[in-house]
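Student: The structure under discussion is supplied below as structure tokens; questions concerning it will follow.
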Amino acid sequence: MYCMPPFVSIKLPPRALSSISFRSFRARRTVHMDAATKTRHMERTSAEPRGKSLHAVTIDRIDGINERIRLFRLGLQTGPAKFLPGQWLDTYIPGSPKAGGFTITSTPSAAADLSRPYLELAVQHADDGPAAWLWRPVDEILGTTLQVRVGGSFVCPPQGAELKDIKRLVFIAGGVGINPLMSMLGTLAEMEQRSHLTVDVLYATKVPRQGMRHVLFLERIAALFGEKGFRGQVRVYATGGGFDIKDINCSGVEVKAGRPSLGEILNIVGEQTESTYVYVCGPPTMTDEIVEGLTNSDNGVLAPDRVLREKWW
Numbered sequence: 001m002y003c004m005p006p007f008v009s010i011k012l013p014p015r016a017l018s019s020i021s022f023r024s025f026r027a028r029r030t031v032h033m034d035a036a037t038k039t040r041h042m043e044r045t046s047a048e049p050r051g052k053s054l055h056a057v058t059i060d061r062i063d064g065i066n067e068r069i070r071l072f073r074l075g076l077q078t079g080p081a082k083f084l085p086g087q088w089l090d091t092y093i094p095g096s097p098k099a100g101g102f103t104i105t106s107t108p109s110a111a112a113d114l115s116r117p118y119l120e121l122a123v124q125h126a127d128d129g130p131a132a133w134l135w136r137p138v139d140e141i142l143g144t145t146l147q148v149r150v151g152g153s154f155v156c157p158p159q160g161a162e163l164k165d166i167k168r169l170v171f172i173a174g175g176v177g178i179n180p181l182m183s184m185l186g187t188l189a190e191m192e193q194r195s196h197l198t199v200d201v202l203y204a205t206k207v208p209r210q211g212m213r214h215v216l217f218l219e220r221i222a223a224l225f226g227e228k229g230f231r232g233q234v235r236v237y238a239t240g241g242g243f244d245i246k247d248i249n250c251s252g253v254e255v256k257a258g259r260p261s262l263g264e265i266l267n268i269v270g271e272q273t274e275s276t277y278v279y280v281c282g283p284p285t286m287t288d289e290i291v292e293g294l295t296n297s298d299n300g301v302l303a304p305d306r307v308l309r310e311k312w313w
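Numbering follows UniProt numbering, with no gaps: position 158 of the sequence shown is 158.
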């Protein structure tokens, strides 16, 4: 059994916390990025940077993580590809001119492998759009060729920043908002020069019917902290049915019911904010409220360019 190193949080003065007004947030039931009732992925991301070329990929593997999420391994037919951790794919399924948007969860090194380069996606069930097609019976879609293009600016480290100048990274995820953060964490774990860095993960999620072990990427993240020696801690905020820490393979993961409060987030961010970046990805309401709470003029905790956000729909 692996376990993470101890973590000491920095407490803010009571006066700082007393000035905070932060509504508790709930992860609303949302459909995936491509639902017909929402703005389409291509329209919503029209101003985002994109690669110039399409890549042909083959659905090589499909794993069911829980009743709502599938994990896809897409083999790159055209050879190695480049992307930054946190970016997504315009994904064209057969017979549809409209692309869906799905975040890459694997590391850039996996796509750069010379022998078997691949991309990984975690896709939540939906009733329509490309996500619905990816939830067809496995034997119908396994081996199918798709066209994908890399895009997005929600990346780590942020554009214009260097990892050597960052002392703390705080990753806050709601539901499948963990996807881009998984790619970032995996990439950080591959780096040798990160002893100066503290990494904290706050992951709000509904516990699947199968239990904590089937929470998307939880065991993978715990393994990164336990085996790769990250300084920091993983905190899981669980909703839904009952949960038991014994269901996962590391006692160093802190699990509690409910949602993280802004006060908790501020304590984790600490006082040395000039060398801290916070990444927030989740449902729109959750994401907006956390970003507002961290950057509004009343608190003055973090400069807006130190808090990066991405929403899933």
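Glycine is no exception: its CB is placed at the ideal position from the N, C-alpha and C atoms.
As the structure is a computational prediction, the values presented were derived from the model and not from experiment.
Distance check for ILE59 and VAL207, CA to CA, integer angstroms please.
Tutor: Between VAL207 and ILE59, the C-alpha separation is close to 27 Å.
Student: Measuring alpha carbon to alpha carbon, tell me which of GLY51, ILE172, GLN193 and TRP312 ends up nearest LEU202.
Tutor: Comparing Cα positions, the closest option is ILE172.
Student: Can you grab the Cα-Cα spacing for the pair GLY282 / TYR118, in whole Å?
Tutor: Going by the C-alpha atoms only, they are around 25 Å apart.
Student: Entirely within the UniProt domain "FAD-binding FR-type" (52-165) and at least 3 residues each: give me those beta strand (DSSP E) ranges in chain order.
Tutor: Runs of the beta strand (DSSP E) inside the UniProt domain "FAD-binding FR-type" (52-165): 55-64, 69-76, 88-92, 100-103, 118-124 and 145-151.
Student: I'd like to know if ASN267 contacts chain B, where contact means its C-beta is closer than 8 Å to some C-beta of that chain.
Tutor: The chain inventory of the structure shown lacks chain B, comprising one protein chain alone.
Student: Taking only three categories from DSSP, how would you classify ASP200?
Tutor: It is a strand residue.
Student: So ASP90 and GLY151 are in contact, right, with Cβ under 8 Å, and what is the actual spacing, rounded?
Tutor: Confirmed, about 6 Å.
Student: Among the candidates ASP298, ALA126 and PHE230, whose CA atom is the shortest distance from the CA of ARG70?
Tutor: Taking only the C-alpha atoms, the option nearest ARG70 is ALA126.
Student: Does the Cβ-Cβ distance between VAL278 and ARG306 come in under 8 Å?
Tutor: A contact, by the Cβ cut-off of 8 Å.
Student: How far does the beta strand (DSSP E) with LEU308 in it extend, from its first residue to its last?
Tutor: From DSSP, the beta strand (DSSP E) with LEU308 extends over 307-311.
Student: Going residue by residue through the stretch 245-282, where are the continuous alpha helix (DSSP H) segments of at least 4 residues, counting only ones entirely within it?
Tutor: You should have 262-269.
Student: With DSSP run on the structure shown, which of helix, strand or coil describes LEU216?
Tutor: Looking at LEU216 - three-state DSSP - the assignment turns out to be coil, as it is neither helix nor strand.
Student: Between ARG209 and ASN296, what straight-line distance do the alpha-carbon atoms span, to the nearest angstrom?
Tutor: Taking the straight line joining both Cα atoms gives about 38 Å.
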